[in-house]
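The structure under discussion appears below in the form of structure tokens.
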Amino acid sequence: MKKCGYVAIIGDPNVGKSTLLNAFLNLNLSIINKKAQTTRNKILGTLTEKNYQIIFIDTPGIIDPKYELQSFMLSSVKSSIREADVIVYLFDVVNYKNISAVNIEKEKKSIFCLNKIDLITKEESEKISEFFKKEKPNEILIPISATNKINLEILKDKIVEYLPESEFLYEEDFLTDRPEKFFVAEIIRNCILNLFEQEIPYSVFVNIPLFKEREEGKDYIEAEIIVERESQKVIIIGKNGTKLKQLGEEARLAIEDFLGRPVFLKLFVKVRKNWRKNKEFLKKHYS
Ligand SMILES: Nc1nc2c(ncn2[C@@H]2O[C@H](COP(=O)(O)OP(=O)(O)OP(=O)(O)O)[C@@H](O)[C@H]2O)c(=O)[nH]1
Ligand SMILES: [Mg+2]
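Residue numbers for the sequence shown follow the working numbering, beginning at 91 and rising by one.
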């Protein structure tokens, strides 16, 4: 009998949820960044082998929502938990004490997982294991490094063990439910996360109004970088447009790397006042 099910990767911001998804898929699907709150949507990625199909759901980091966008992000975490057959509670070696706060979903299979063990010594790792045993005596903790691919096979075996018996829910070559243009927008947003500081990365939404695939010549992509205020638009464009030009070049290379083909990328910067608090806007783009 085959096994198949949904596996939600849940945790605080920045613990390595997206890195773990990508490591399992061997692909740069979800964007990864050292800044927190990188992922804003649930992102599905499917791993199919002969006898099992794992449907991973990468999710935004759990935070106390301060504005509407963060509420939307949190509700996508909650719906991912509801949909999941197996929940991977991911922590890293910095925030591991938050393990205490987890209320396990009783009707789901749960796996606790400690990421970034490449950053600590054996002694520190043992200390964390002791802490975990006291806090969650009936659970097990799998230490991993998503970046260095340490213990991922052990984690995968545990996931497969917990998957329900089921026929595959998706075709064998199915990878994700989101279109290419979603990932193109994410790549541009990731370049913005790298190029700008303070509130800019959090105030940006990237929309792709036009993605024209061409038989001959490069694909043509138009992207709108939407910010909340005029002052942010000025920062993104930079003196004589230099920042926007740099962003366009970096994003184009990253998009070409992802798509495996050359593209023509045109960027526009637009202001949509306080879009992060605008329910209508968010419903359209984040539901
Ligand atoms: N040293 C080390 N760094 C890691 C590991 N896994 C992830 N990171 C780094 O941790 C940072 C955050 O990784 P992400 O995968 O974006 O984390 P996330 O949990 O998806 O973050 P959000 O989407 O913001 O909630 C990045 O700089 C990663 O390179 C690991 O195993 N070891
Ligand atoms: Mg992420």
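Backbone N, C-alpha and C fix where the C-beta goes; we use that ideal spot for every residue, glycine too.
Computed from a predicted structure; not experimentally measured.
Closer than 7 Å to some heavy atom of ligand 2: that describes the Cβ of THR128. One Cα belongs to GLU305, the other to GLU320, and the distance between them is close to 38 Å. Taking C-beta atoms as the reference points, PRO155 and GLN127 fail to come closer than 8 Å. Annotation: SER215 to LEU245 spans about 17 Å, alpha carbon to alpha carbon. DSSP places ALA174 outside both helix and strand once states are collapsed to three, so it counts as coil.
Residue state for LEU134 is assigned as strand, using DSSP reduced to three classes. Annotated three-state conformation of LEU265 is coil, per DSSP. Taking a contact as a CB-CB distance under 8 Å, the pair ILE152 and LEU134 does not count as one, their CB atoms being some 19 Å apart. Taking C-beta atoms under 8 Å as the contact rule, PHE222 and LEU372 fail to qualify, at a distance of about 37 Å.
Within the region 212-278, the runs of alpha helix (DSSP H) that reach at least 4 residues and sit entirely inside it are, in chain order, 212-225, 242-252.
Taken through DSSP and simplified to helix, strand or coil, GLU320 comes out as helix. Under DSSP, ASN205 forms a beta bridge with ASP182. Spanning the alpha carbons of ILE240 and ILE194 requires a straight line of approximately 25 Å. In the structure shown, ILE327 falls within a helical segment according to DSSP collapsed to helix, strand and coil. Ranked by Cα distance from LEU285, the first of LEU259, LEU300, GLU340 is GLU340. Going by beta carbons, CYS94 and LEU253 fall inside the 8 Å limit. Here ALA191 is exposed, its C-beta having fewer than 16 other C-beta atoms within 10 Å. The region 100-119 makes no contact with the region 255-263; the number of CB pairs closer than 8 Å stays below 3.
Here the alpha carbon of SER166 sits roughly 8 Å from the alpha carbon of PRO150. ASN297: member of the beta strand (DSSP E) spanning 295-302, first to last residue. Runs of beta strand (DSSP E) with 3 or more residues, each lying fully within the region 322-376, are found at 353-361, listed in chain order.
Collapsing the DSSP output to three states places ALA191 in a helix. The three-state secondary structure of GLU312, taken from DSSP, is strand.
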